[in-house]
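Chemist: One line per chain: the protein sequences are W and C, in this order.
Note that this note's numbering has the first sequence beginning at 16, numbered continuously upward.
Note that this note's numbering has the second sequence beginning at 16, numbered continuously upward.
Number of protein chains: 2
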Amino acid sequence: METLTIGDFAVRAGIAPSALRYYERQGLIRAGRTGGNQRRYERSELRRVAFIKIAQQVGVSLDEIREALASLPENRTPTKADWTRLSAHWRRKLEARITLMERLRDELTGCIGCGCLSMQRCNLINPKDRLAARGAGPQMLLNPPDQDG
Amino acid sequence: METLTIGDFAVRAGIAPSALRYYERQGLIRAGRTGGNQRRYERSELRRVAFIKIAQQVGVSLDEIREALASLPENRTPTKADWTRLSAHWRRKLEARITLMERLRDELTGCIGCGCLSMQRCNLINPKDRLAARGAGPQMLLNPPDQDG
DNA sequence: CTGCAACTTAAAGGGCACTTCAACTCAAGG
DNA sequence: CCTTGAGTTGAAGTGCCCTTTAAGTTGCAG
Numbered sequence: 016m017e018t019l020t021i022g023d024f025a026v027r028a029g030i031a032p033s034a035l036r037y038y039e040r041q042g043l044i045r046a047g048r049t050g051g052n053q054r055r056y057e058r059s060e061l062r063r064v065a066f067i068k069i070a071q072q073v074g075v076s077l078d079e080i081r082e083a084l085a086s087l088p089e090n091r092t093p094t095k096a097d098w099t100r101l102s103a104h105w106r107r108k109l110e111a112r113i114t115l116m117e118r119l120r121d122e123l124t125g126c127i128g129c130g131c132l133s134m135q136r137c138n139l140i141n142p143k144d145r146l147a148a149r150g151a152g153p154q155m156l157l158n159p160p161d162q163d164g
Numbered sequence: 016m017e018t019l020t021i022g023d024f025a026v027r028a029g030i031a032p033s034a035l036r037y038y039e040r041q042g043l044i045r046a047g048r049t050g051g052n053q054r055r056y057e058r059s060e061l062r063r064v065a066f067i068k069i070a071q072q073v074g075v076s077l078d079e080i081r082e083a084l085a086s087l088p089e090n091r092t093p094t095k096a097d098w099t100r101l102s103a104h105w106r107r108k109l110e111a112r113i114t115l116m117e118r119l120r121d122e123l124t125g126c127i128g129c130g131c132l133s134m135q136r137c138n139l140i141n142p143k144d145r146l147a148a149r150g151a152g153p154q155m156l157l158n159p160p161d162q163d164g
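(1) For C:Leu-87, which three-state DSSP category applies?
(2) DSSP puts W:Tyr-56 in a beta bridge; with which residues?
(3) Is C:Arg-45 helix, strand or coil when you go by DSSP?
(4) Note down, one range per segment and in chain order, each alpha helix (DSSP H) of at least 4 residues found wholly within the segment 95-127 of chain C.
(5) For W:Ser-33, name the three-state secondary structure that DSSP assigns.
(6) Taking W:Glu-57 as the query, report the chain C residues whose CB atoms sit under 9 Å from its CB, ordered along the chain.
(7) Could you check the C-alpha separation between C:Ala-103 and C:Leu-109 for me, to the nearest Å?
(8) What's the call for W:Arg-54, buried or exposed, on a 16-neighbour Cβ count within 10 Å?
(9) Which of helix, strand or coil does DSSP assign to W:Val-75?
(10) When the Cα atoms are used, what is the spatial distance from C:Thr-18 to C:Leu-77?
(11) Could you tell me whether any Cβ in chain W is nearer than 9 Å to the Cβ of C:Arg-91?
(12) For W:Ile-21, which residues in chain C fall below 8 Å Cβ to Cβ?
(13) Contact between the segment 64-77 of chain C and the segment 29-48 of chain C: three or more CB pairs below 8 Å?
(14) Give the interface partners of C:Glu-110 over in chain W, defined as CB-CB distance under 7 Å, in chain order.
(15) Considering only the alpha carbon of each residue, which of C:Ala-85, C:Arg-107, C:Leu-87, C:Thr-20 lies closest to C:Glu-57?
(16) Taking Cβ-Cβ distances shorter than 7 Å, what residues in chain C pair up with W:Ile-113?
(17) Take every Cβ of the segment 88-96 of chain C, pair it with every Cβ of the segment 87-103 of chain W, and state whether three or more of those distances are shorter than 8 Å.
(18) Grab me the residues of C:Val-26's own chain with a C-beta within less than 7 Å of its C-beta, minus the 5 sequence neighbours each way, in chain order.
(19) Does any residue of chain C bring its CB to less than 9 Å from the CB of W:Arg-106?
(20) Between C:Ile-67 and C:Leu-84, is the Cβ-Cβ spacing less than 9 Å?
(21) Tell me which residues share the same chain as C:Ser-33 and place their Cβ nearer than 8 Å to its Cβ, disregarding the 5 neighbours each side in the sequence.
(22) Quick one: Cα of C:Leu-115 to Cα of C:Val-73, how far?
(23) Should W:Thr-18 be counted as a contact of the ligand MN given a C-beta to heavy atom distance under 8 Å?
(24) For W:Ala-31, count the other beta carbons within 10 Å of its own beta carbon; 16 or more makes it buried, fewer makes it exposed. Which is it?
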């Protein structure tokens, strides 16, 4: 078996077939086709999905993920070097995000804790270096509600 | 002036009036009413909105935020101690999230970098301690696209 | 060659966090 | 008073990330 059907691929990727089709429409992944028009996935596509899942956990939009993936070669299977380059890029993003959250953590204690939580003054809420202001953005990315209390 | 109109409150809170009405429908904030049925906000409600904004930056859903806010007293204005208790709770959540992302960062380099990024084996993608698996959840929480390349 | 699970598509639906719209009312200054 | 900007409501719309459904096709086991 050289390639995978969407069902098999979905199981291995840990993602629904419908999501895979969606990703394909969005230009995030690609698949070959049989004579009868059914998708056949190369194993290397699993890495793409893996990358997408990781990036999502970090809170990146599919739009940005697509941009990142666009830096991979189109005509050949990405090498380890390709992935390394990409991962280095994301590592930086991730680190920026971590730094952000660390500051948030530090200020949360000092700022809310002290009761100063004023919209006007508090640099937690009105940061000069704008944290991640644009658009609305929720999601239960954070805590697996297990540890909730 | 003791209370604020929705317009003034919105400006001070740095959030649209429509969002404030939405939050109220969701039970996240409260407002008094004039004889003519217009909302009048106490200044102390600003702290609630501040808290909501912070929690959102961390990636928490409004549902969870409401739960957290539910621990504040209903019959009186929350004291600094109330906010301190709440912030301590969130600090723990935030720290868990930071730890998660640090692991993500560390493994990203080692795991994608080395090319091992296999769906089956990689504990980045299939973590035993399930990171934040439930539901789909994107958002551009992460990077202000400024530093993108 | 047949039968059935798995596949295909386009289109509609769903949850979240809002925003926008239409139609209407209120509050405050001149 | 009257005007006008600001506020009110419910309902519909938006963007993101998918899932579901309907109607039909493919592929492999028996």
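Built from N, CA and C at the ideal position, the CB exists for glycine as well.
Since the model is a prediction, treat every value here as computed from it, not as a measurement.
Modeler: The structure says:
(1) coil
(2) W:Leu-19
(3) coil
(4) 95-122
(5) It is helical.
(6) Near W:Glu-57 there are no residues of chain C at all, since even the closest Cβ is about 13 Å away, more than 9 Å.
(7) 10 Å
(8) With at least 16 other beta carbons inside 10 angstroms of its own, W:Arg-54 counts as buried.
(9) coil
(10) So the alpha carbons of these two residues sit roughly 25 Å apart.
(11) no
(12) In chain order: nothing, as chain C lies at least about 15 Å away.
(13) yes
(14) Arg-120
(15) C:Thr-20
(16) Neighbours of W:Ile-113 on chain C, chain order: Ile-113, Met-116, Glu-117, Arg-120.
(17) no
(18) none
(19) yes
(20) In this structure, C:Leu-84 lies closer than 9 Å to C:Ile-67 by Cβ.
(21) Here the set comprises nothing.
(22) 13 Å
(23) As far as ligands go, the structure on display features none, and thus does not contain the ligand MN.
(24) exposed
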